[in-house]
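Peer 1:
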Amino acid sequence: MKKVNVGLVGFGTVGKGVVKTLLSKKKILEERSGVSVNLARIADKDLRSRKGVRVPKRLLTKDVNSVIKDRNIDIIVELIGGIHPAKEIILKSLALGKHVVTANKALLAEHGKEIFTAASRFRSHLGFEASVGGGIPIIDVLRRDLVSNKIDLIYGILNGTSNFILSKMSEENCTFREALSEAKTKGIAEKNPRLDISGVDSCHKLAILALLGFGLSVKPKDIHVEGIDRIDAMDIQYAKKWGYAVKLLAIAKKAGKELDLRVHPTLIYLRKILASVKDENNAIFVRGDMVGATLFYGRGAGSFPAASSVVGDIIEIAKRIDDFKKPKSAFKMEFDSGVRKVRKINDLSTRYYMRFSAIDRPGVLSSVSSILAQNKISIATVTQKERKKGQSVPIVMLTHEANEGKMNRALKKIDKLPFITKKTVKIRIER
Ligand code: HSE
Numbered sequence: 000m001k002k003v004n005v006g007l008v009g010f011g012t013v014g015k016g017v018v019k020t021l022l023s024k025k026k027i028l029e030e031r032s033g034v035s036v037n038l039a040r041i042a043d044k045d046l047r048s049r050k051g052v053r054v055p056k057r058l059l060t061k062d063v064n065s066v067i068k069d070r071n072i073d074i075i076v077e078l079i080g081g082i083h084p085a086k087e088i089i090l091k092s093l094a095l096g097k098h099v100v101t102a103n104k105a106l107l108a109e110h111g112k113e114i115f116t117a118a119s120r121f122r123s124h125l126g127f128e129a130s131v132g133g134g135i136p137i138i139d140v141l142r143r144d145l146v147s148n149k150i151d152l153i154y155g156i157l158n159g160t161s162n163f164i165l166s167k168m169s170e171e172n173c174t175f176r177e178a179l180s181e182a183k184t185k186g187i188a189e190k191n192p193r194l195d196i197s198g199v200d201s202c203h204k205l206a207i208l209a210l211l212g213f214g215l216s217v218k219p220k221d222i223h224v225e226g227i228d229r230i231d232a233m234d235i236q237y238a239k240k241w242g243y244a245v246k247l248l249a250i251a252k253k254a255g256k257e258l259d260l261r262v263h264p265t266l267i268y269l270r271k272i273l274a275s276v277k278d279e280n281n282a283i284f285v286r287g288d289m290v291g292a293t294l295f296y297g298r299g300a301g302s303f304p305a306a307s308s309v310v311g312d313i314i315e316i317a318k319r320i321d322d323f324k325k326p327k328s329a330f331k332m333e334f335d336s337g338v339r340k341v342r343k344i345n346d347l348s349t350r351y352y353m354r355f356s357a358i359d360r361p362g363v364l365s366s367v368s369s370i371l372a373q374n375k376i377s378i379a380t381v382t383q384k385e386r387k388k389g390q391s392v393p394i395v396m397l398t399h400e401a402n403e404g405k406m407n408r409a410l411k412k413i414d415k416l417p418f419i420t421k422k423t424v425k426i427r428i429e430r
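FYI, the numbering for the sequence shown is 0 to 430, going by the numbering used here.
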């Protein structure tokens with residue numbers, strides 16, 4: 000049986016899942032693939048990280064270079080995350096003719112072009128199934144299974160931590176802080192969950208999906224991003240009353256020659272499937288001209304779901320290792336889907352949920368609605384809580400479809416009114 004040697008760099012949460020999977024499932028993997036994958040070396044700067052996983056000591060090293068440069072190693076699996084030194088490790092491995100598997104969405108979103116070009120130049124394969132949606136198959140779905148499709152829409156829940164927090168706030172009516180603390184206790188949120196709750200993690204994943212689905216290479220800074228930290232439990236309860244759930248969505252939508260690309264909390268109808276995606280689960284909706292609407296659902300985070308994707312990539316490379324070294328076998332990432340550039344957020348037209356915080360006195364609503372009217376924003380529903388003397392009260396509104404630029408102009412004016420006590424909360428609504 001053909002034997003392929005793997006070197007692992009990064010022995011953290013996902014790394015441990017990969018090691019456990021390769022060791023415990025060796026027999027079934029060999030039976031199903033016809034190749035033997037041998038875990039040859041494991042590098043990590045802190046070898047205490049191996050705690051809880053039994054591996055022969057001789058496999059372990061702190062010296063990453065010794066793994067990359069090992070002539071017997073065919074595949075490097077990079078699981079340290081972040082930009083540096085992950086980028087250098089991957090580029091060096093590719094230049095040395097190794098195939099690479101990574102889960103590093105931040106790196107691919109920021110420097111994908113350079114890395115894909117290097118992979119192509121050195122005729123190496125780059126597997127990155129675990130970079131989006133953890134255990135959900137989506138990368139190879141887009142670059143292989145749906146290759147004949149003209150895709151016009153990809154959107155979904157791409158961050159498990161944020162989805163867990165929003166689910167808890169909805170179901171238990173708890174605060175953002177309480178929900179975040181539960182996510183940390185349960186090991187769902189990272190120690191520093193800033194990238195998750197700020198929407199940046201979803202933005203990285205969306206940049207990868209935009210490239211695969213629309214052939215457009217975009218930088219994360221070109222994507223409009225809002226996180227969930229300004230969402231109050233009150234917003235979730237109001238939305239629910241009106242038949243909506245609040246979800247952090249990542250959206251890539253074709254709009255003529257432009258691509259509408261954004262990550263933000265969104266009101267979606269409760270009867271939509273995505274509204275019932277709870278806790279740390281992810282779901283990705285893809286619509287193509289051949290296949291129609293498809294939905295991919297599952298665990299987007301965690302050691303074993305991510306390891307499932309990483310091992311899938313390793314086995315795929317191991318099976319086809321000779322093919323991958325032939326000329327022209329590299330997959331072209333950028334292609335002409337008719338999309339030329341990212342649409343400016345101010346050109347968006349959508350419906351909005353808004354929560355104003357205002358001192359309750361005569362004329363408040365008419366001042367607010369007159370500024371909205373001046374900006375061609377039409378109100379669909381409005382509700383206001385009973386007044387508490389001297390305190391500000393929430394005025395909550397749904398609008399009809401309006402232009403984002405005009406909406407921002409209106410809110411800037413409204414937030415300067417003397418009776419408005421806090422920055423207005425604005426959440427976009429998706430059909
Ligand atoms: N931290 C991510 C999440 C998982 O919460 O979904 C890794 O991409």
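We treat Cβ as the ideally placed atom computed from N, Cα and C, and that holds for glycine. Just so we're clear, the structure is a prediction, and the values are computed from it rather than from any experiment.
How big is the Cα-Cα spacing for residue 302 and residue 78?
Peer 2: The residue you call residue 302 lines up with position 303 of the sequence shown. The residue you call residue 78 lines up with position 79 of the sequence shown. Rounded to whole angstroms, residue 302 to residue 78 spans 11 Å at the Cα level.
Peer 1: Which partner residues does residue 402 have in the DSSP bridge list?
Peer 2: The sequence position of residue 402 within the sequence shown is 403, counting from 1. Per DSSP, 348.
Peer 1: Classify residue 269: buried if its beta carbon has 16 or more other beta carbons within 10 angstroms, exposed otherwise.
Peer 2: Locating residue 269 in the sequence shown gives position 270, where the first residue counts as 1. Looking at its Cβ environment, which holds fewer than 16 other Cβ atoms inside 10 Å, residue 269 is exposed.
Peer 1: Residues with a Cβ closer than 5 Å to any heavy atom of ligand 1, in chain order?
Peer 2: The filter returns 158, 159, 160, 195, 299, 300, in chain order.
Peer 1: Using the rule of at least 16 other Cβ atoms within 10 Å of the residue's Cβ for burial, across every protein chain shown, is residue 124 buried or exposed?
Peer 2: Residue mapping note: residue 124 aligns to position 125 of the sequence shown, counting from 1. Per the 10 Å Cβ criterion, buried.
Peer 1: Below 8 Å on the Cβ atoms is my contact criterion, and I expect residue 308 with residue 134 to pass it. Report the Cβ-Cβ distance as a whole number of Å.
Peer 2: Here residue 308 refers to the residue found at position 309 when the sequence shown is read from its first residue. Here residue 134 refers to the residue found at position 135 when the sequence shown is read from its first residue. Confirmed, about 6 Å.
Peer 1: Buried or exposed for residue 62, going by 16 or more other Cβ atoms inside 10 Å?
Peer 2: Walking along the sequence shown from the start, residue 62 turns up at place 63. Result: exposed.
Peer 1: So the beta strand (DSSP E) residue 460 belongs to, where does it begin and stop?
Peer 2: Any question about residue 460 goes unanswered here, given that the chain covers just 0 to 430.
Peer 1: With distances taken between CB atoms, is the gap from residue 478 to residue 347 smaller than 8 Å?
Peer 2: Past the boundaries of the shown model lies residue 478; the chain is included only from 0 to 430, so the question cannot be answered.
Peer 1: If you count every other CB in all the chains shown that lies within 10 Å of the CB of residue 304, and 16 or more means buried, which is it?
Peer 2: Here residue 304 is taken as the residue at index 305 of the sequence shown, counted from 1. Residue 304 is buried by the Cβ-count criterion.
Peer 1: Out of 401, 331, 280, point me to the one whose CA is closest to residue 378's CA.
Peer 2: Your numbering for residue 378 matches position 379 in the sequence shown. Residue 401 is the option with its Cα nearest to residue 378.
Peer 1: What does the alpha-carbon distance come out to for the pair residue 349 and residue 399?
Peer 2: In the sequence shown, counting from the first residue as 1, residue 349 sits at position 350. In the sequence shown, counting from the first residue as 1, residue 399 sits at position 400. Answer to the nearest angstrom: the Cα atoms are 8 Å apart.
Peer 1: In whole angstroms, give me the CA-to-CA distance for residue 212 and residue 404.
Peer 2: Residue numbering aside, residue 212 sits at position 213 when the sequence shown is read from its first letter. Residue numbering aside, residue 404 sits at position 405 when the sequence shown is read from its first letter. Cα to Cα, the separation comes out at about 27 Å.
Peer 1: Strictly under 8 Å for the Cβ-Cβ distance: is residue 316 near chain D by that measure?
Peer 2: As a matter of chain content, chain D is missing from the structure shown, which is built from one protein chain.
Peer 1: Does the beta-carbon distance from residue 66 to residue 8 come in below 8 Å?
Peer 2: Here residue 66 corresponds to residue number 67 of the sequence shown, with the count starting at 1. Here residue 8 corresponds to residue number 9 of the sequence shown, with the count starting at 1. Contact flag set, yes.
Peer 1: Have a look at residue 422 and residue 362 and give me their C-alpha separation to the nearest angstrom.
Peer 2: Taking the sequence shown and counting its residues from 1, the one referred to as residue 422 is at position 423. Taking the sequence shown and counting its residues from 1, the one referred to as residue 362 is at position 363. Rounded to the nearest angstrom, the two C-alpha atoms are 19 Å apart.
Peer 1: Could you check if residue 210 is buried or exposed, using at least 16 other CB atoms within 10 Å of its CB as the buried criterion?
Peer 2: Position 211 of the sequence shown, counted from the first residue, corresponds to residue 210. Classification of residue 210: buried, given that the 10 Å Cβ count is 16 or more.
Peer 1: Exposed or buried, residue 294, counting other C-beta atoms within 10 Å across all chains shown (16 or more means buried)?
Peer 2: By one-based count along the sequence shown, residue 294 stands at place 295. Answer is exposed; the Cβ neighbour count stays below 16.
Peer 1: Which value, in whole angstroms, describes the spacing of the CA atoms of residue 207 and residue 85?
Peer 2: On the sequence shown, residue 207 is found 208 positions in, with the first residue counted as 1. On the sequence shown, residue 85 is found 86 positions in, with the first residue counted as 1. Answer to the nearest angstrom: the Cα atoms are 17 Å apart.
Peer 1: Hey, would you say residue 247 sits closer than 8 Å to residue 162, going by beta carbons?
Peer 2: Taking the sequence shown and counting its residues from 1, the one referred to as residue 247 is at position 248. Taking the sequence shown and counting its residues from 1, the one referred to as residue 162 is at position 163. Yes, the pair counts as a contact, with Cβ atoms nearer than the cut-off.
Peer 1: Looking at the structure shown, is residue 84 part of a helix, part of a strand, or coil, going by DSSP?
Peer 2: Sequence index remark: in the sequence shown, residue 84 carries index 85 (1-based). Correct three-state label for residue 84: coil.
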